[in-house]
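K.L.:
In structure tokens:
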């Protein structure tokens with residue numbers, strides 16, 4: 014699995030992994046329960062900006078993360094605008110933006126090993142009931158880093174096509190991205206199986 018961790022000494026970097034994961038869960042729950050309004054939209058936009066600033070990751074990385082998911086966001090917004098009021102569609106879309114970016118902030122400031130170890134420690138008491146803490150921790154790490162990894166694949170494909178003079182239209186790079194994503198998934202599966210976690 015590709016690590017997205019960015020070394021640093023910010024308060025977010027120094028915060029315990031369990032605290033960051035709990036904060037992410039609480040914020041995600043709070044945003045999902047908040048009523049659809051322009052104030053909620055503002056909160057959804059402000060929270061990732063504040064988190065990236067506090068983590069010292071900078072606006073450039075934040076914009077890069079946004080560029081990686083802009084097609085998904087465009088699709089979400091367009092499909093919801095067909096059936097929902099503009100404020101509801103905007104709120105739902107920005108909720109997704111906020112949670113995805115906050116999850117990326119966690120993975121950028123936390124080594125994968127830290128996420129796995131924290132999940133193992135928290136779930137260890139449930140091992141007697143058949144729980145597999147190491148698998149849960151690994152699943153959490155994979156899930157949190159999935160968006161960033163997919164975005165990196167998209168960036169590589171688009172850079173390669175740009176260098177060859179290929180016109181940058183969605184249908185020109187969807188298939189290469191799909192192929193590379195499936196190959197990456199196979200590589201991850203092989204790595205997990207090699208470590209005895211593939212069953």
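Numbering (our numbering), first residue to last: 14 to 212. Note that CB positions come from ideal geometry on N, CA and C, so glycine has one too. This one's a predicted model, so the numbers in the text were calculated from it and none came from an experiment.
List, from N- to C-terminal side, the alpha helix (DSSP H) runs of 4 residues or more that fit wholly inside the region 72-160.
P.N.:
For the region 72-160, whole alpha helix (DSSP H) runs of length 4 or above, ordered along the chain, are 83-96, 99-122 and 125-136.
K.L.:
Are three or more beta carbon pairs between the region 90-100 and the region 57-72 nearer than 8 angstroms?
P.N.:
Taking 8 angstroms as the limit for Cβ pairs, the verdict is that the region 57-72 does not touch the region 90-100.
K.L.:
If you pair each beta-carbon of the region 135-149 with each one of the region 116-123, do three or more pairs fall below 8 angstroms?
P.N.:
No, they do not touch.
K.L.:
Does the distance from the CB of residue 103 to the CB of residue 54 come in under 8 angstroms?
P.N.:
In this structure, residue 54 lies closer than 8 angstroms to residue 103 by Cβ.
K.L.:
Using only CA atoms, which one of 141, 124 and 172 lies nearest to residue 150?
P.N.:
Of 141, 124 and 172, the residue nearest in Cα terms is 124.
K.L.:
When you compare only the Cα positions, how much space is there between residue 47 and residue 26?
P.N.:
Rounded to whole angstroms, residue 47 to residue 26 spans 28 angstroms at the Cα level.
K.L.:
Could you check whether residue 115 and residue 8 sit closer than 8 angstroms to each other, using their CB atoms as the reference points?
P.N.:
Outside the shown range of the chain (14 to 212) lies residue 8, about which nothing can therefore be said.
K.L.:
Taking the C-alpha atoms as reference points, what is the distance between residue 68 and residue 78?
P.N.:
Near 15 angstroms, if we compare the C-alpha coordinates of residue 78 and residue 68.
K.L.:
May I have the straight-line CA-CA distance separating residue 75 from residue 85, to the nearest angstrom?
P.N.:
Distance between the alpha carbons of residue 75 and residue 85: 16 angstroms.
K.L.:
Output the distance between the C-alpha atoms of residue 136 and residue 72, rounded to the nearest integer angstrom.
P.N.:
Distance between the alpha carbons of residue 136 and residue 72 is about 35 angstroms.
K.L.:
Only counting the same chain, and skipping five residues up and downstream in sequence, which positions put a Cβ closer than 7 angstroms to that of residue 108?
P.N.:
If we look at residue 108 and ignore the five residues flanking it on each side, its Cβ neighbours are 44, 45 and 57.
K.L.:
Is DSSP giving residue 189 helix, strand or coil here?
P.N.:
In the structure shown, residue 189 sits in a helix (DSSP, three-state: H, G or I).
K.L.:
Distance check for residue 190 and residue 34, CA to CA, integer angstroms please.
P.N.:
If I take the Cα positions, the gap works out to 29 angstroms.
K.L.:
Would DSSP call residue 21 helix, strand or coil?
P.N.:
Coil at residue 21, not helix or strand.
K.L.:
Whose C-beta lies closer than 6 angstroms to the C-beta of residue 199 among residues of the same chain, with five residues either side of it excluded?
P.N.:
So the list is empty, once near-sequence residues are dropped.
K.L.:
Going by beta-carbon coordinates alone, are residue 170 and residue 193 separated by less than 8 angstroms?
P.N.:
For residue 170 and residue 193, yes; Cβs fall inside 8 angstroms.
K.L.:
Is it true that the CB of residue 152 sits closer than 8 angstroms to the CB of residue 101?
P.N.:
Taking 8 angstroms as the Cβ cut-off, residue 101 and residue 152 do not qualify as a contacting pair.
K.L.:
Using alpha carbons as the reference points, say which of 65, 177 and 141 lies closest to residue 21.
P.N.:
Of 65, 177 and 141, the residue nearest in Cα terms is 65.
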